[in-house]
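There are 2 protein chains.
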Amino acid sequence: MAKRTLLSFSPQIKVIDATLRDGGLVNNFYFQDDFVKKLYQMNLQAGVDYMEFGYKASKEIFDKTKFGKWKFCDEKDIRDIVGDNNTDLKIAVMADVGRTDVEKDIIPKDESVIDMVRVASYINTIPAAIDMVEDCAKKGYETTVNIMAISHANDSDLEEALELIGNSSADGVYLVDSYGSLYPEQIRRLSDKYLNMAAKYGKFVGIHAHNNQQLAFANTIDAVACGVNYLDATVNSLGRGAGNCPLELLLGFLKNPKYKLHAVLKFIEEEMLKLKESGLVWGYDIPYLITGVLDRHPSGAIDCIKKERKDYANIYLELMGLE
Amino acid sequence: MAKRTLLSFSPQIKVIDATLRDGGLVNNFYFQDDFVKKLYQMNLQAGVDYMEFGYKASKEIFDKTKFGKWKFCDEKDIRDIVGDNNTDLKIAVMADVGRTDVEKDIIPKDESVIDMVRVASYINTIPAAIDMVEDCAKKGYETTVNIMAISHANDSDLEEALELIGNSSADGVYLVDSYGSLYPEQIRRLSDKYLNMAAKYGKFVGIHAHNNQQLAFANTIDAVACGVNYLDATVNSLGRGAGNCPLELLLGFLKNPKYKLHAVLKFIEEEMLKLKESGLVWGYDIPYLITGVLDRHPSGAIDCIKKERKDYANIYLELMGLE
Chain A
1 MAKRTLLSFS PQIKVIDATL RDGGLVNNFY FQDDFVKKLY QMNLQAGVDY MEFGYKASKE
61 IFDKTKFGKW KFCDEKDIRD IVGDNNTDLK IAVMADVGRT DVEKDIIPKD ESVIDMVRVA
121 SYINTIPAAI DMVEDCAKKG YETTVNIMAI SHANDSDLEE ALELIGNSSA DGVYLVDSYG
181 SLYPEQIRRL SDKYLNMAAK YGKFVGIHAH NNQQLAFANT IDAVACGVNY LDATVNSLGR
241 GAGNCPLELL LGFLKNPKYK LHAVLKFIEE EMLKLKESGL VWGYDIPYLI TGVLDRHPSG
301 AIDCIKKERK DYANIYLELM GLE
Chain B
1001 MAKRTLLSFS PQIKVIDATL RDGGLVNNFY FQDDFVKKLY QMNLQAGVDY MEFGYKASKE
1061 IFDKTKFGKW KFCDEKDIRD IVGDNNTDLK IAVMADVGRT DVEKDIIPKD ESVIDMVRVA
1121 SYINTIPAAI DMVEDCAKKG YETTVNIMAI SHANDSDLEE ALELIGNSSA DGVYLVDSYG
1181 SLYPEQIRRL SDKYLNMAAK YGKFVGIHAH NNQQLAFANT IDAVACGVNY LDATVNSLGR
1241 GAGNCPLELL LGFLKNPKYK LHAVLKFIEE EMLKLKESGL VWGYDIPYLI TGVLDRHPSG
1301 AIDCIKKERK DYANIYLELM GLE
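Chains as they are written, first to last, in the numbering used here: chain A, 1 to 323; chain B, 1001 to 1323.
Below, the structure is given as structure tokens:
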């Protein structure tokens, strides 16, 4: 395999559009069907490799009257959008440890239009994540383990977790910067650690970055420079808090001619501007910088944004715990 | 000297607040005196190392009735803000090749409150830049050459330019990503090239980044990781087009305890929000992504933003020259 350069591209690189899944955390998964259909069409046109529709949350744990359908991703609901999906775009869903009943809710792959199940786990629940991966792999799905909040994991725990995942049926493992607190130097160090395990066990490595410090895109492409191949992005950064790596910046960077930036720009002007005008609030703002710098969960910042607080200096002192 | 790590810091690192100078390109240098005084106070409190007040533009070339005073940076105007500036904060001004008459307009250092003159030049006017540097150095100022639009320079021209600057009296040389088109991999490659020259001739290296692809902060701190020490930033990114490396993100990253993020956050809530509300428009937006990806001057994007155009897909085709 030829080494990727800035002018060439690696065909191993895959782009995952996580707009519905991470964006669903902003609007409780209440997307219009028309929006979802157009997003699916956009992903086909833009050459995106995977579209993540949402979570496979358990209806015994979550009240289905309080969320839009993409919190649960029923087979029928996905098929209403994609039919049999006879396309090159693969379909992904996310399954959270402790919030998903994979044995019950994930049907055999040959009956499903879903291609990949991504299991999201904190580092202290990796064995539960691997149980879920094994169930899904046995049913025929591609699987990943997405280790969240990696900035709070220590090196020896991470090494042990990577070994456990290495020995599992998971096809890939994700570096997830949930708090948007990691700097490129740290991303490169973590990428190398993940990639060493991946090389040993024949897995791929992915990255899911958040934009709290305006680093989601930079961290994603720095991970690419290290050899990370599965890249999460969302249109216009739509996602929890400060949002994600913007798909439009990522496709502008990747040199594989199959990726078409034009399709994403068209979707932004036709659909995302409406979403902003409807009052949905997401994306980089000063309170996220503060939780990012402090390496904290963004919930405190999200709360400030909801209250439209602009007393940034006080917010900083409060979140540091000094007031 | 101990090597800088993510937890330690290098005392060689200097932060330059370019808010007035690059921000002046947004409002034709019409800042209220009260704003400038508060910005000066903020820089003192925040531990910033240099404050750039504006340009030393020639009044024979530019009509002084059409610009605010910081286009010209008269000695008296700076002294009205800083008095004799008996502080640790140094004062910088910028002198553009072909737009500044340094012989006439730059007085001897011992009569001036200015500490540093930064000469901005395209790569094809380096000899003129060096003439200006020599004049200013002889008068007693710290000097730099800021090579603009470096993404359009080829390697052999750049090497020659760096040699010329290396042999001049300039104290430092700047890597300036005028079009916001450079990716971190390119910044690291260019930083190494600059730093090799710098080591040979005993100069320092600086970086001035733009945020067209949300990479201004990332590129700045990746340059730091390479050994670049002079870092330009502006409060809240205020600057031409997509703006600059945000000072608040940069101070959050740097570990030198003399830098105080709190002071910048206070200034943002008290002064920058008013500036936004007054109708001044700057900062990342989709048209800048497009000129950034295409490695073009941002003027086409600035024009689209002024006209409030949102037909991003058409803008993309137009700026590519296909329509």
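The beta carbon of each residue, even a glycine, is placed where N, CA and C say it ideally should be.
Beta-carbon separation of B:R1021 and B:M1094 under 8 Å? yes
Could you pull the start and end residues of the beta strand (DSSP E) that B:T1143 belongs to? E1142 to I1147
Looking at the structure shown, is A:Y183 part of a helix, part of a strand, or coil, going by DSSP? A:Y183: coil per DSSP, three-state reduction.
B:G1292 and B:S1191 closer than 8 Å at C-beta: The answer is no: Cβ separation not under 8 Å.
Anything in the segment 213–229 of chain A with a Cβ closer than 7 Å to a Cβ of chain B? List those residues in chain order, please. Q213, Q214, L215, F217, A218, I221, D222 and A225
Starting from B:H1208, follow its DSSP beta bridges and name the residues at the other end. B:V1176
Does the beta carbon of B:H1152 come closer than 8 Å to any beta carbon on chain D? Absent from the structure is chain D; the protein chains it does hold are A and B.
Along the chain, where does the beta strand (DSSP E) containing A:E270 start, and where does it finish? From DSSP, A:E270 is part of no beta strand (DSSP E); its letter is neither H nor E.
According to the neighbour-count rule (16 or more other Cβ atoms, all chains shown, within 10 Å of its Cβ), is A:K139 buried or exposed? buried
Could you tell me whether any Cβ in chain B is nearer than 8 Å to the Cβ of A:Q359? In the structure as shown, chain A starts at 1 and stops at 323, and residue 359 of chain A therefore has no counterpart that could be examined.
Residue closest to A:Q12, alpha-carbon to alpha-carbon, out of A:I78, A:R118 and A:F204: A:F204
In the DSSP output, what is B:K1090 paired with across the bridge? According to DSSP, which records beta bridges pairwise, B:K1090 is partnered with B:Y1050.
For B:L1231, which three-state DSSP category applies? DSSP, read as helix, strand or coil, puts B:L1231 in strand.
Please report whether the beta-carbon of A:H262 lies at a distance below 8 Å from any beta-carbon of chain B. yes
Closer than 7 Å at the beta carbon, the chain A residues around B:Y1259: In chain order: nothing, as chain A lies at least about 12 Å away.
Thinking C-alpha only, which one of A:S168, A:L289 and A:P184 is nearest A:L175? A:P184
Relative to the C-alpha of A:I61, which residue among A:N86, A:V97 and A:I81 is closest? A:V97
Let's test the definition: count the other Cβ atoms within 10 Å of the Cβ of B:G957 and tell me whether it reaches 16, buried, or not, exposed. Since the displayed chain B opens at 1001 and closes at 1323, residue 957 of chain B lies outside it and no answer follows.
For the putative contact between A:L39 and A:F267, defined by C-beta atoms under 8 Å, what is the C-beta separation to the nearest angstrom? 7 Å
Quick one: measure Cβ to Cβ for B:R1240 and B:V1026, integer angstroms, because I've assumed they're closer than 8 Å. 6 Å
Chain-ordered neighbours of A:E248 on chain B, where CB pairs are closer than 8 Å: I1286 and L1289
Meets three-Cβ-pair contact criterion under 8 Å: the segment 206–226 of chain A and the segment 235–254 of chain A: yes
Please confirm if A:V117 has its CB atom under 8 Å from at least one CB of chain B. no
Against chain B, with Cβ distances strictly below 8 Å, would A:D311 count as a contact? yes
Do B:L1238 and B:T1019 count as a contact pair if the criterion is CB distance below 8 Å? yes
A:G47 and A:F29: beta carbons closer than 8 Å? no
If the cut is a Cβ gap below 7 Å, which residues of chain B does A:E185 touch? L1006 and A1225
Going by DSSP in three states, A:Y201 sits in which element: helix, strand or coil? helix
CB of B:I1091 within 8 Å of CB of B:Y1230, strictly: no
Hey, out of B:Q1032, B:L1251, B:C1073 and B:I1081, whose CA is closest to B:Q1041's CA? B:I1081
Leaving out the 5 sequence neighbours to the left and right, which residues in its chain are closer than 6 Å to B:I1126 when beta-carbon positions are compared? A1161 and L1164
Note down the Cα distance separating B:D1295 from A:S121, rounded to an integer number of angstroms. 40 Å
Please say whether A:E269 and B:A1332 have beta carbons closer to each other than 8 Å? Because chain B spans 1001 through 1323 in this model, residue 1332 of chain B falls outside it and cannot be assessed.
Beta-bridge pairing of A:S121 - partner residues as DSSP gives them: A:I147, per the DSSP bridge assignment.
Would you verify that the beta carbon of A:F35 is, or is not, closer than 8 Å to some beta carbon of chain B? Not one chain B Cβ lies under 8 Å of A:F35.
For A:M1, which three-state DSSP category applies? Low confidence applies to A:M1: its pLDDT is 46, below 50, so where it sits in the model is not reliable, and the reading given next is rough at best. Of the three classes helix, strand and coil, the one that applies to A:M1 here is coil, per DSSP.
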